[in-house]
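Below you can see the structure in the form of structure tokens.
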């Protein structure tokens, strides 16, 4: 649960909840019971019951089940002539009477298999007019809950005196949706969950591709904008009934979530704070939810407008924003740590890998280091509007090339919340608008960091300069916005990068693989080689600039140098796999592929004849990320440096140096293996483009005869 998002904060205090399941959920399209969905429902309620929650179920389905059973009985007892003359449908009250016992028997069987006791309570609307009955009902339910029994409510349709739903305005409730809402108020529930056959409330028909799920219902906004259908497929309710019940309960202070009952774990997800379904809350009109009432396009357009206001500021004003952000980070260390610790605890409880938990964790000194890096960025020369060249085209006609921001950048990143600070500070320094989508495992940390950063952005720019995308369901919409988003930077696994590249027309900056090579030449200093290999492989094995393949000259096999390198790596618990030549000569397991990124304490080793064979191997199996040669022969080193076609090529230095901070950029938004725009670690320069300014005094082209061209370079400061 994201404590910085007020729409989900209430789940912390939920103890008693009511779950209402409708006929469209408990039955299939053919009217038969959906046993799989009912089983999943009971499993969730059992888990909540065991976890200390007080669970109350309101169920529909008796009429539908009774109708199915009576139809079957009629067919079984009918002659052929009877089947040729279909009878009218059954009386609803008879269906209710037959179906109720069957429905309860089914619940009892399912719950018994889960070692849970359930109880049946049938009610009609009239009895709620009796104050004594209402008190007795509350006492009975309290007693059942104290015994860990799950009360199951249903309207007693068999004896209800209303002839049709919605036609008797004297009723206390009109269907099981309104019954659930009434019970939530009577029994002082902390949460009401209404399970539907769709994901929640949509802006239009759920089947319409243009319709969007409304995450938070704001009565003042939505009441007059949305037309609801009046009937469900098989029940008496429908979305109108659910919205009416939800609005009534929410106005009384009880949060309500309408979500799909077809998913197997949506109730659990609601209580874990996940942003699913549609929330009704009495304070909803006070909230400003990022990415909720504002669609993907609106977020991107707002970021662009704010970026233009940012560009219009003086250089010292943009610098002050960064300094204010650094101060805000340090002033809010305790709040940031509280949210980050909650993320780390949740990740550990969910069984995430140790490496991911490590990347997720922040410490006070790390936050201070982030603040200091933002200050260093602020002290750098302002990159926006910098004159890159000045040319006199003709007498009195001066052309300038100046740097400018790209516009709006979408960055999708995983795990590391510190990346949010680096990316946001680079975007502000370069004058860009920014949309951020972090991993769900860091949602609390990302939210508080986003809030702290936005609090330092002045109103003259606007806090929509940096948008935080909350739901991954919004990513496909954002990737379609090639007219308002100028660059996408995916930071994470090669699966993430590849998926983004295949899903958008927007230029993508990044790398799908980080298959970095280290070639140890025959003239290498073996002690130096051991230090570099140790660092390149073991310093941070999951990093994209970690060594994945070791290439060695064949002469090291005979002079003992290779044995030293292998022994040193194996002593550090690095698992070695061989290429075709190495696996045969060294008697080690053959690598599954020579183009493989381990991201762990493992690497491939291969033996080659010379530097040219090493270069060929890198070009065939590498990813054009970072490659290194270790040699004392400067001529061989220059061949390697000039001919290896990678974003970063090193001589006698660890591949781990390929990093924006280590390159002196202040920070980086990622590493690019593309050959267009930016390449290698991408800092401020990679977030800029150019524009041309032409200053004249009335000159015209006139078919090429209007001016005499001089094309003379001018000093930048003239």
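In full-length UniProt numbering, the protein residues as written are 1 to 718.
All residues carry an ideal CB built from backbone N, CA and C; glycine is no exception.
By the Cβ-count criterion, residue 413 is buried, with 16 or more other Cβ atoms from all chains shown falling within 10 Å of its own Cβ. Comparing C-alpha distances from residue 216 to each of 208, 202 and 207 shows the shortest one belongs to 202. Taking the Cβ atoms as the reference, residue 273 lies roughly 5 angstroms from residue 11, within the contact range of under 8 angstroms.
Residue 57 is bridged by DSSP to 19 and 152. Per the DSSP secondary-structure output, residue 345 pairs with nothing in a beta bridge. In the DSSP assignment, residue 507 forms no beta bridge with any residue.
Take residue 423, set aside five residues on each side of it, and the residues of its chain with a beta-carbon closer than 6 angstroms to its own are 411 and 669, in chain order. In this structure residue 129 is exposed. Its beta-carbon is surrounded by fewer than 16 other beta-carbon atoms within 10 angstroms.
Beta-bridge pairing by DSSP links residue 517 to 549 and 627.
Burial is judged here by how many other beta carbons sit within 10 angstroms of a residue's own beta carbon; residue 60 has at least 16 and is buried. By alpha-carbon distance to residue 378, the top candidate from 326, 530, 500 and 497 is 326. Contact between residue 636 and residue 618 does not hold, since their C-beta atoms are separated by about 14 angstroms, which reaches or exceeds 8 angstroms. For residue 400, the enclosing beta strand (DSSP E) stretches over residues 397-405. Each residue's CA atom was taken as its position, placing residue 479 and residue 536 some 35 angstroms apart. Counting along the chain, the unbroken beta strand (DSSP E) around residue 436 starts and ends at 433-437. Of all alpha-carbon atoms in 175, 34 and 46, the one lying nearest the alpha-carbon of residue 58 is that of 175. Remark: three or more beta-carbon pairs, one from each stretch, lie closer than 8 angstroms, so the region 672-692 and the region 654-662 are flagged as touching.
Judged by DSSP secondary structure, residue 650 falls within the beta strand (DSSP E) whose first and last residues are 648-651. Our two residues, residue 110 and residue 42, have alpha carbons roughly 7 angstroms apart in a direct line. In terms of Cα proximity to residue 481, the closest of 500, 398 and 506 is 506. About 6 angstroms separates the Cβ atoms of residue 390 and residue 716, confirming a contact at the 8 angstroms cut-off. Taking all protein chains shown into account, residue 20 has 16 or more neighbouring C-beta atoms within 10 Å of its C-beta and is therefore buried.
Nearest to residue 550 by C-alpha distance, out of 511, 596 and 509, is 596. A straight line joining the alpha-carbon of residue 565 with that of residue 519 spans about 12 angstroms. Under a 10 Å Cβ-count criterion, residue 650 is classified as buried, with 16 or more other Cβ atoms of the shown protein chains found around its own Cβ.
In the three-state DSSP reduction, residue 567 falls in the helix class (H, G or I).
Counting along the chain, no alpha helix (DSSP H) covers residue 391; the unbroken beta strand (DSSP E) around it starts and ends at 387-394.
With 16 or more other Cβ atoms from the protein chains shown falling within 10 Å of its own Cβ, residue 665 counts as buried. Under the three-state reduction of DSSP, residue 555 is assigned to helix. Contact annotation: residue 306 and residue 433 have beta-carbon atoms nearer than 8 angstroms. Cβ neighbours of residue 262 within its own chain (closer than 7 angstroms, five residues either side excluded): 25, 37 and 197. Membership of residue 580 in the alpha helix (DSSP H) is indicated by the continuous run 580-586. Between the C-alpha atoms of residue 371 and residue 329 there is a straight-line separation of about 6 angstroms. Rounded to the nearest whole angstrom, the C-alpha separation of residue 639 and residue 399 is 40 angstroms. By the neighbour-count definition (other C-beta atoms within 10 Å, threshold 16), residue 705 is an exposed residue.
Judged by their CB atoms, residue 547 and residue 592 are not nearer to each other than the 8 angstroms cut-off.
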